[in-house]
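The opening position of the sequence shown corresponds to residue 0 in numbering that gives the first Met the number 0, with each subsequent residue numbered one higher.
Below is one structure; the comments refer to it alone.
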Amino acid sequence: MCAHRRRHIKINPPDGRRPLSSKQHQCDRPLSLFVTLSRFSACSSGKVKAVQLWDKSKDDLTKQLAELKTELGQLRIQKVVSSGSKLNKIHDLRKSIARVLTVINAKQRSQLRLFYKNKKYAPLDLRAKQTRAIRRRLSPEDKARVLEKTKKRSTHFPQRKYAIKVRFTPTRRAN
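In structure tokens:
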């Protein structure tokens, strides 16, 4: 067994990494045959990248979600039955499921925002959060409304305008 205790396989690395240098590798077998295998490349599904999910349709996302959930269920059963721990893979699968669900929910919300864009009312969760006081303020239309009586009073008795005429005479300074 190697001194660095990494697992080796005899194929080219899928992610294009270089094999270990001669200082890191201390086996009796030739170095060119081995490639280190990370714990993620050993997984059948691996980590799901959110960038890849945004391009997929809703049907594809739901299919992928179902696959991930079944795989997670199988891993949980394996964990109970066998003594070998699969905690790392279970962790990755749970996070992948969360990513898929996040993308699905974000897409749904963006569609709902488009649907309610020009409507009079929108669902509470799609409205602007702001603060409680700001949400309870009068709308600009309501703020601009004036009673008939107030309108008449302001037209009949407008604000008086005064102009004071001041004659300016410069004074000389005494030094």
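Here a beta-carbon is modelled for each residue, glycine too, at the ideal position from N, C-alpha and C.
Residues near residue i by beta carbon distance below 6 Å, same chain, minus five either side
i, result
"A49", "R98"
Chain C within 8 Å of residue i, Cβ atoms only
i, result
"V79", "The structure shown contains no chain C, having only a single protein chain."
Whole-angstrom C-beta distance between residue j and residue i, which should lie under 8 Å
i, j, result
"K119", "K57", "Incorrect: roughly 28 Å between the Cβ atoms, too far for contact."
"L100", "L64", "7 Å"
"S95", "V47", "4 Å"
Any non-hydrogen atom of the ligand ATP within 7 Å of residue i CB
i, result
"D124", "Here there are no bound small molecules, and the ligand ATP is not part of this structure."
Alpha carbon of residue i to alpha carbon of residue j, nearest angstrom
i, j, result
"K76", "K85", "The amino acid at residue 76 is misidentified as Lys; the sequence shows Ile. Distance between the alpha carbons of I76 and K85: 10 Å."
"T154", "L146", "12 Å"
"T149", "Q158", "13 Å"
"K128", "L137", "16 Å"
"R134", "K78", "51 Å"
"R87", "S81", "In the sequence under discussion, the amino acid at residue 87 is Asn, which differs from the Arg named in the question. Each residue's alpha carbon lies about 15 Å from the other."
"G45", "K62", "16 Å"
"T35", "R131", "Reliability fails at T35, whose pLDDT of 34 lies under 50, so the model's placement of it is uncertain and the value that follows must be treated cautiously. Rounded to whole angstroms, T35 to R131 spans 56 Å at the Cα level."
"I163", "T170", "21 Å"
"K151", "A173", "57 Å"
"N117", "D141", "20 Å"
"F156", "L113", "49 Å"
"D54", "Y115", "24 Å"
"Y161", "T168", "22 Å"
7 Å Cβ shell around residue i - same chain, five flanking residues per side excluded
i, result
"L92", "L67, E70, L71, L74"
"P139", "none"
For residue i, the nearest candidate out of the options (CA to CA)
i, options, result
"L52", "N104, P139, Y161", "N104"
"D180", "K151, V102, I163", "Residue numbering for the chain in the displayed model covers 0 to 174; residue 180 lies beyond these limits and cannot be assessed."
Same chain, Cβ closer than 8 Å to residue i, neighbours up to 5 away in sequence not counted
i, result
"L111", "P122, L125"
"R166", "none"
"H90", "none"
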